[in-house]
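Peer 1: My questions all concern the structure below.
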Amino acid sequence: MKTYLSTFLLLISSFFVKAQTETVRWATQETFFEDLVGKDLPAFKGQTVNKTSFQEEDLKGYIVLINFWFEKCPPCIAEMPELNKLVSKYASKNVRFIAFTYDLPGSAKRFQKRNGYKYEIVSLTKDEIRKLNINHGFPSNILVGKDGKILYATANISFSDPEFKSKSIILEERLKAEIERTVQ
């Protein structure tokens, strides 16, 4: 009986010691994004605003910055000028800027023309966006390397809003680093 009790107490005490030494990691939007790093961009199929088929195969060999947005999303629209600046700076460096939306291609095309959004827009169904399992709210931005691996992910970018500036700088630094790495 003493042996059983001793063993039981030893097991319980080792559990508490282990529980006290392990850090608890709470699920937040940031930890969700951190967990994406190093994973492959999942397969997807969509349609461009010109109604041509578009899938992950079309991105092979490119560094890709993907933006998740939709027309009725004020934060999505607010970050578009910042995203357009990135397009102007890096489009000539073998980088593709893709915008995933669940808006219909015709509607997205009108929005793009009206607002001057420079990203290539790809319309996906809501189920397809869910299937990608990399979007954690709107807007979200995902940087993907030429090898198809996710390098960085974040929500809301802005180089002027103090709340989002640091994440935006990190995104651009990771983009520059990937460009430099693949040029060498």
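Here the sequence shown stands for residues -19 to -1, 1 to 165, where the numbers follow mature numbering (1 follows the signal peptide of the UniProt record, and there is no 0). The beta-carbon is built from N, C-alpha and C at its ideal position, and this holds for glycine as well. Please read these numbers as outputs of a predicted model, since none were measured by experiment.
1) Express the C-alpha separation of residue 131 and residue 149 in angstroms, rounding to a whole number.
2) What are the start and end residues of the alpha helix (DSSP H) that includes residue 147?
3) Ignore the nearest five residues each way along the sequence and tell me which others in residue 84's own chain have a CB closer than 8 Å to its CB.
4) Identify which residue in 43, 101, 54 has its Cα closest to the Cα of residue 27.
5) Name the residue from 36, 77, 48 whose alpha carbon lies nearest to the alpha carbon of residue 160.
6) I'd like to check one pair, residue 127 with residue 43: are the Cβ atoms closer than 9 Å?
7) Verify whether the separation of the beta carbon atoms of residue 62 and residue 137 is less than 9 Å.
8) Alpha carbon to alpha carbon, what distance is there between residue 31 and residue 82?
9) Distance, Cα to Cα, residue 158 vs residue 68?
10) Considering residue 26, what are the terminal residues of the alpha helix (DSSP H) in which it resides?
11) Can you list, in chain order, the residues of its chain whose CB lies under 8 Å from that of residue 108, leaving out five sequence neighbours each side?
Peer 2: According to the structure shown:
1) If I take the Cα positions, the gap works out to 16 Å.
2) From DSSP, the alpha helix (DSSP H) with residue 147 extends over 143 to 164.
3) 51, 52, 92, 104, listed in sequence order.
4) Distances from the alpha-carbon of residue 27 to those of 43, 101, 54 put 101 closest.
5) Of the candidates 36, 77, 48, the one whose C-alpha sits nearest the C-alpha of residue 160 is 77.
6) In contact: residue 43 and residue 127 (Cβ atoms closer than 9 Å).
7) A distance of 9 Å or more separates the beta carbons of residue 62 and residue 137.
8) Straight-line Cα distance between these residues: approximately 14 Å.
9) Whole-angstrom Cα-Cα distance: 16 Å.
10) Premise fails: residue 26 lies in the beta strand (DSSP E), 26 to 29, not in any alpha helix (DSSP H).
11) Same-chain partners within the cutoff: there are none.
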